[in-house]
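J.:
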Amino acid sequence: MNCFPAMHPKALDRLDSDEKALISIQGISRGNDRVNVVNESGLYSLIMGSRKPSAKRFKKWFTAEVLPSIRKTGGYGRLDPIQALNDPT
-17 MNCFPAMHPK ALDRLDSDEK ALISIQGISR GNDRVNVVNE SGLYSLIMGS RKPSAKRFKK
43 WFTAEVLPSI RKTGGYGRLD PIQALNDPT
C-alpha cells in the first residue's frame, strides 16, 4: 500500500525518525501488512525536497502566499468572519 506510488524508495531515508514510522495494519493484503507512515512534518519535508512539478507548485504557493500571510497577520485564510458569512466562496 503506497499513497505516493511515484515516490522514490529512498525518500523516507531523508526524514528524521520522529517524522516516520513503520506500522502493521491487519487485513490490507495477503502479503506485506506493514506500511510506512509519515506525520505532518514529514509530509512537508518530502514535498519541500521533491522536484516534481506538483510539489514545486505547492512549494511556491506555500512559500509565496501562506508563510508570508502567517508572518504578516498571524494566520492564513479569511480574517473577516462577517465577510466569510456573506461571501462563502
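So for the sequence shown, the working numbering puts the first residue at -17; every next one is plus one. By construction, the Cβ of each residue, glycine as well, lies at the ideal position given by its N, Cα and C atoms.
#1: Between the stretch -14 to 3 and the stretch 18 to 25, are three or more C-beta pairs nearer than 8 Å?
#2: Quick one, are the C-beta atoms of S6 and D(-5) less than 8 Å apart?
#3: Rounded to whole angstroms, what is the Cα-Cα separation between L(-3) and R39?
#4: Where do the N-terminal and C-terminal ends of the alpha helix (DSSP H) with A37 fall, by residue?
#5: Going by DSSP, which residues form a beta bridge with S6?
#6: What span of residues does the alpha helix (DSSP H) with Y58 cover, start to end?
#7: How should L28 be labelled, buried or exposed, when 16 other C-beta atoms within 10 angstroms of its C-beta is the threshold for buried?
#8: Out of curiosity, what's the CA-to-CA distance linking S32 and R53?
T.: Checking against the coordinates, here is how it stands:
#1: yes
#2: no
#3: 21 Å
#4: 35 to 43
#5: R16
#6: Per DSSP, Y58 belongs to no alpha helix (DSSP H) and is neither H nor E.
#7: buried
#8: 24 Å
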